[in-house]
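What follows is one structure encoded as structure tokens, with my remarks underneath.
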Amino acid sequence: MKDVVLEEILIEAIAENLDGLRHVAVGASSPIPGAAALLARSRSKGKMRVSILGSEDNNFFSDGGKEIFDVAGQGRMDAFFLSGAQIDGKANVNLVSVGDYEQPKARFPGSFGSGYLYFVVPRVILFRLEHTPRTLVEKVDFISAPGFSDDNVYRPGGPHKLITDRCLFAVDKERKCFRLESVHPGHTVDEIHEQTGFKFDLPEGTVPETRIPNSETLHVIRGEVASEISEIYPAFAARVFGIGNES
Amino acid sequence: MKDVVLEEILIEAIAENLDGLRHVAVGASSPIPGAAALLARSRSKGKMRVSILGSEDNNFFSDGGKEIFDVAGQGRMDAFFLSGAQIDGKANVNLVSVGDYEQPKARFPGSFGSGYLYFVVPRVILFRLEHTPRTLVEKVDFISAPGFSDDNVYRPGGPHKLITDRCLFAVDKERKCFRLESVHPGHTVDEIHEQTGFKFDLPEGTVPETRIPNSETLHVIRGEVASEISEIYPAFAARVFGIGNES
Amino acid sequence: MLMLANKLTIDELASRIPDGAKVALPPDYAYCSLTAVRALIRRKVKGLHLVGVPSLGFQADMLIGAGCVDTLETAAVTLSEFGLAPRFTAAVKRAEINMMDATCPAIHAALQASEKGIPFIPLRGLIGSDILAHRKDWKVGDNPFAENDPVVYLPALKPDVALIHAPIGDKYGNVWVGVRREQMLMAHAASETFVTVEEIVDGNLMDDLKMKAATIPGLYISGITEAKKGAWPLGIPGGYNADHEHLQRYVDLAKTDEGFEQYLKEFVLETPAEAAE
Amino acid sequence: MLMLANKLTIDELASRIPDGAKVALPPDYAYCSLTAVRALIRRKVKGLHLVGVPSLGFQADMLIGAGCVDTLETAAVTLSEFGLAPRFTAAVKRAEINMMDATCPAIHAALQASEKGIPFIPLRGLIGSDILAHRKDWKVGDNPFAENDPVVYLPALKPDVALIHAPIGDKYGNVWVGVRREQMLMAHAASETFVTVEEIVDGNLMDDLKMKAATIPGLYISGITEAKKGAWPLGIPGGYNADHEHLQRYVDLAKTDEGFEQYLKEFVLETPAEAAE
Chain W
31 MKDVVLEEIL IEAIAENLDG LRHVAVGASS PIPGAAALLA RSRSKGKMRV SILGSEDNNF
91 FSDGGKEIFD VAGQGRMDAF FLSGAQIDGK ANVNLVSVGD YEQPKARFPG SFGSGYLYFV
151 VPRVILFRLE HTPRTLVEKV DFISAPGFSD DNVYRPGGPH KLITDRCLFA VDKERKCFRL
211 ESVHPGHTVD EIHEQTGFKF DLPEGTVPET RIPNSETLHV IRGEVASEIS EIYPAFAARV
271 FGIGNES
Chain D
31 MKDVVLEEIL IEAIAENLDG LRHVAVGASS PIPGAAALLA RSRSKGKMRV SILGSEDNNF
91 FSDGGKEIFD VAGQGRMDAF FLSGAQIDGK ANVNLVSVGD YEQPKARFPG SFGSGYLYFV
151 VPRVILFRLE HTPRTLVEKV DFISAPGFSD DNVYRPGGPH KLITDRCLFA VDKERKCFRL
211 ESVHPGHTVD EIHEQTGFKF DLPEGTVPET RIPNSETLHV IRGEVASEIS EIYPAFAARV
271 FGIGNES
Chain L
159 MLMLANKLTI DELASRIPDG AKVALPPDYA YCSLTAVRAL IRRKVKGLHL VGVPSLGFQA
219 DMLIGAGCVD TLETAAVTLS EFGLAPRFTA AVKRAEINMM DATCPAIHAA LQASEKGIPF
279 IPLRGLIGSD ILAHRKDWKV GDNPFAENDP VVYLPALKPD VALIHAPIGD KYGNVWVGVR
339 REQMLMAHAA SETFVTVEEI VDGNLMDDLK MKAATIPGLY ISGITEAKKG AWPLGIPGGY
399 NADHEHLQRY VDLAKTDEGF EQYLKEFVLE TPAEAAE
Chain G
159 MLMLANKLTI DELASRIPDG AKVALPPDYA YCSLTAVRAL IRRKVKGLHL VGVPSLGFQA
219 DMLIGAGCVD TLETAAVTLS EFGLAPRFTA AVKRAEINMM DATCPAIHAA LQASEKGIPF
279 IPLRGLIGSD ILAHRKDWKV GDNPFAENDP VVYLPALKPD VALIHAPIGD KYGNVWVGVR
339 REQMLMAHAA SETFVTVEEI VDGNLMDDLK MKAATIPGLY ISGITEAKKG AWPLGIPGGY
399 NADHEHLQRY VDLAKTDEGF EQYLKEFVLE TPAEAAE
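Protein chains in written order, with this note's numbering: chain W, 31 to 277; chain D, 31 to 277; chain L, 159 to 435; chain G, 159 to 435.
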């Protein structure tokens, strides 16, 4: 069997966090979360729906652009994925700009649905493949969506995990901060400290290594999941799984 | 040419009040207002739209039951028709019940859209073919929709005329009451006083007789209007115009 | 690997609608599941809170007559060309049901609030009406973007169940409703939606762009029952016509308590196997 | 005797959108009228307030680069797989445009408020975000049906113009948009809607129940222009694909002011007769 790659470890780590859910939505341009959702769906034996947004063909909505947000507001979306140009130690997400808002040093596309979905989707999984002090910062320059809210703010949703290319953080809702949950194979806790701009908690005892998917899981990932994801993200599937044609 | 009938006089009287409008909506089971709207549309030379509600085939809406109310709220509906089990001298309309609301003597279907459309449609034409003290009352037992509102209430719409089988009332928005405008041929002002449960103003000078449609108008009513209305209200068209088949 | 629909018999469907449920129903001119209404009467459902979207007709009259209804929240109850709804009228005169009179756009707007997951929605109109005076659950408040501009605030209306009929469904629970999009709004707004369909077709309705645009996704559908002529004696737009003779017979019988009982016995209680027809 | 549509040439259409107009545009993955955008640039429209429903892409980037835009009200400006929108990014960094950052559901909800003729609509979320902090036109208020429950109040968003493309229209101005119903919402909410269509078909789209359910009625349409491949270089769902090579060329050129001018000259300014192609 060929070696396990980082993408497969991330797919498994995310999928574990989707276990038992009824409806998982994945944003556009998110091949790893998409594959993780498909893996979780495969394990659910038909109990989970997955919708892939921003694609005409791979979503089942029929009431225009508003429906996905209405679905979330109704409580019919259990998990969603968010990224950020910056993410800070209070789980605030910045998708807008770096520097002064009025005349920024860098400007990104914008907040999309984050300013809403982060509040109403119970498990929002933060996902950032560039884990550096530039992206994981002490304080974001612009809050597209805050990580935590005051007690009187309607907030059935919020951050559940933060997954990067180096490690996995859990969210401590009481202390309103991140706790290192596991470090991916080949990475160290010291490196995480060095590459993270915010303070985070450590678990008791030694920090575990992120689990490598077992052979049964790898079989599913490299089989049905790879095949399905290649229809949506052919370039990704070709690079990671060596299947399909690049487009 | 055959004699003019009351329905034709009413159709002409209503159509005059629709002149120059862009969109006239007609509720279900309203053959005379429907025919009047079609006459006005014919005269508009393609400048007026008419929608007939509560019928699957004769309306052009595509966004469910809410659309017609949304259209009115947007200011895209210029005229609508309302009837009432009771109508009073303040132009209040009752479509709900007579007697105590909790245990009424008579109960009618309900207010439908009146509690909204009466506020937002600029020309609401009240239409009641039974002109008696039982229907035109001093004070309605239940206000489905009030005739007039306080100055601070958003009220771009409201009553424009009241048309009965005996006469035509205009609405005096300043004095918030009705003024007799014309009496249909064969009826008298004394009779109107006797058969009307509310006080109303009289015009200066003698009360005119409601105009009889001229031969050109009768030609249109008995031709294209009768033909179109017979598709929607075949029994009405057969009875009044002697065309089509009763169903 | 799409989720398959939860296919139910008509009696299973009726058993999934609990006593006391707030049930949204379409008007007679849309797609009404009379077959489900008959099954509900047979299972002796009690204490329903019916929501007319925006008005009610034969379905409500039968349920009221059979003693299944506590509360009516609707802009009207009408049998259109067949006149006043006899069991409704009798029940209101006897003060046997709790009336929540509304106006059509208030029902649509309050359902849209649930659809959007917002706690309330404002609406123009209504101020000065007795509809508003009797609706203690509605409030008049300020428009925060203007001076001295009162507006009605409607709390979100969330039915426990939307009960609808439709021409076609598929095995994934997708349901095509055409221009009758208030049925889609009902499904979005309600906690659960049960649907009877004329036909469960092969394939996936979402695969045809022309059908998809008017199809309720299976995500919202808790259970689906195939029921040929499930709207009878009403008709369905673009399908079969209403059975006018039967409806007239209903109206004539339902004028009296005894006549209504006779109707129930003949057409509802003694046809428990209608779904299997 | 239905009202016929107001058929316009592409330059007439562009002339009907005045300087300073608040113009709602769909995202790149819906039906975008690039042909109308090119006509607007040719007519040197100024001071537009663009509203992304809910995000913007190539249309906005070109209009910004050509100096047509004062204000952007949108949840994002993105060229998706082609990366950051170069003219947008440059303009924001130079503080040349007034940004009104939003979140997708706020745009949908505020348009729905205009659609319904209500002065505002509440929305969950947003509290504690810098989106809200920068939107002086939004307010936080109480939920009148609960204690200590703050909620964001959005004023109704009413575009002067909705500018859309669609696969088919008819001579009555009815326009089929399929599942891209945000284009229907835009038409309902805006004062006027101008549309380019791939094809004006014979007959009336409203006569086919399957088409009608996804068709914007002519009531909302101020003008219609037939424009084959009117979305080019974008594609249309269910129709033709985006011209990836051309889009990449745009992105490469638009990285610099000079490159963008060259693109404009070659593909926008010197093709005034494109509608007649």
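Heads up, the beta-carbon is just placed ideally off N, CA and C, and yes, glycines get one too.
Apart from the five residues on each side of it in sequence, which residues of its chain come closer than 6 Å, Cβ to Cβ, to residue i?
i, result
"VAL54/W", "LEU48, ALA67, VAL80 and ALA109"
"PHE266/D", "PRO61"
"HIS346/L", "GLU273"
"LEU159/W", "ASP195"
"ALA102/W", "LEU147, VAL150 and VAL151"
"TYR311/L", "PHE278, PRO280, LYS297 and GLY299"
"PHE246/L", "ASP219, ILE222 and VAL235"
"GLU435/L", "Because the pLDDT of GLU435/L is 43, which lies under 50, any placement of that residue in the model is unreliable, and the number read from its coordinates should be weighed accordingly. Excluding residues within five positions, none has a Cβ falling inside 6 Å."
Tell me which residues share the same chain as residue i and place their Cβ nearer than 7 Å to its Cβ, disregarding the 5 neighbours each side in the sequence.
i, result
"TYR146/W", "PHE99"
"HIS214/W", "LEU36, ILE39, ARG196, CYS197 and THR240"
"ASN124/W", "GLY114, ALA115, GLN116, VAL170, ASP171, PHE172, ILE173 and SER174"
"ILE255/G", "ILE222, VAL227, ASP228, THR229, LEU230 and ALA249"
"ALA291/L", "none"
"VAL237/D", "LEU210, SER212, VAL213 and VAL219"
"ASP177/G", "VAL203, LYS204 and GLY205"
"GLY119/D", "GLU168, CYS207, PHE208, PHE228, LYS229 and PHE230"
"ALA431/G", "Interpretation of ALA431/G is limited by its pLDDT of 49, a score under 50 that renders its predicted location unreliable; the figure taken from the coordinates is listed afterwards. Cβ within range, chain order: n/a, list empty."
Could you list which residues in chain D have their beta carbon closer than 8 Å to that of residue i, in chain order?
i, result
"ALA371/G", "SER92"
Please list the partners that residue i has in chain G, where partner means a Cβ-to-Cβ separation under 8 Å.
i, result
"TYR311/L", "PRO302 and PHE303"
"LYS191/W", "Neighbours of LYS191/W on chain G: none; closest Cβ ~20 Å, over 8 Å."
Report the CB separation of residue i from residue j in whole angstroms; it is logged as a contact under 8 Å.
i, j, result
"PRO308/G", "ASP300/G", "7 Å"
"PHE142/D", "CYS190/L", "Wrong, their Cβ atoms sit about 18 Å apart, outside the cutoff."
"ILE326/G", "MET344/G", "About 17 Å; that fails the 8 Å criterion."
Residues of chain L with CB under 8 Å from residue i, in chain order?
i, result
"LYS368/G", "GLY336, LYS368, MET369 and ALA372"
"PHE99/D", "CYS262, PRO263 and HIS266"
List the residues of chain G that residue i touches, going by C-beta distances under 9 Å, in chain order.
i, result
"LYS445/L", "The requested residue 445/L is not part of the displayed model; chain L covers only 159 to 435."
Under 8 Å Cβ-Cβ, which residues of chain W neighbour residue i?
i, result
"SER213/G", "PRO139, GLY140 and PHE142"
"THR247/G", "ARG137"
Along chain L, which residues have their Cβ under 7 Å away from the Cβ of residue i?
i, result
"ALA267/G", "LYS274"
"ARG79/W", "MET161 and LEU377"
"VAL126/D", "ASP259"
Strictly below 7 Å CB to CB, what residues from chain D border residue i?
i, result
"MET364/G", "PHE90"
Going along chain W, which residues have a C-beta under 7 Å from residue i?
i, result
"PRO375/L", "PHE90, PHE91 and SER92"
"ALA253/G", "GLU132 and GLN133"
"PRO308/G", "ASN182 and VAL183"
What does residue i touch in chain W if you count any residue whose Cβ is under 9 Å from its own?
i, result
"LEU162/L", "GLY76"
Suppose the cutoff is 8 Å on Cβ atoms and the five residues either side in sequence are ignored; what does the same chain contact list for residue i look like?
i, result
"ASP202/D", "PHE208, ARG209 and ASP231"
"PHE91/D", "SER81, GLU97, ILE98 and VAL101"
"LEU315/G", "VAL209, GLU231, ILE265, ALA268, LEU269, ALA271, SER272 and ALA347"
- prompt: Between the region 272-295 of chain G and chain L, which residues of the former have a C-beta closer than 9 Å to a C-beta of the latter?
  reply: LYS274, GLY275, ILE276, PRO277, PHE278, ILE279, PRO280, LEU281, ARG282 and ASP295
message: Under 8 Å, with one C-beta from each stretch per pair, do the region 276-295 of chain G and the region 280-289 of chain L reach the 3-pair mark?
response: yes
query: Using a Cβ cut-off of 8 Å, which residues of the region 169-183 of chain D contact any Cβ in chain L, in chain order?
result: PHE172, ILE173, SER174, ALA175, PRO176, SER179, ASP180, ASN182 and VAL183
message: Under 8 Å, CB to CB, which of the residues in the region 144-161 of chain W have a partner in chain L?
response: VAL150
field: contact_flag[the region 355-370 of chain G, the region 324-339 of chain G] where n(CB pairs < 8 Å) is 3 or more
entry: yes
message: Between the region 205-213 of chain L and the region 397-412 of chain L, can you find at least three pairs of beta-carbon atoms closer than 8 Å?
response: no
query: Taking three-plus beta-carbon pairs below 8 Å as touching, is the region 369-382 of chain L in contact with the region 390-397 of chain L?
result: no
- prompt: Are the region 150-164 of chain D and the region 233-243 of chain L in contact at 8 Å, needing three or more beta carbon pairs?
  reply: no
task: Please list the residues of the region 209-233 of chain G that have a C-beta atom closer than 8 Å to any C-beta atom in chain W, keeping them in chain order.
output: VAL211, PRO212, SER213, THR232 and ALA233
Contact between the region 249-258 of chain W and the region 179-190 of chain W (3+ Cβ pairs under 8 Å): no
- request: With 7 Å as the C-beta to C-beta threshold (strictly closer), list the residues of the region 386-417 of chain L near chain D in chain order.
  value: PRO395
- request: Mind checking the region 337-355 of chain L against chain W and listing, in chain order, the residues whose C-beta falls within less than 7 Å of any C-beta there?
  value: MET342 and HIS346
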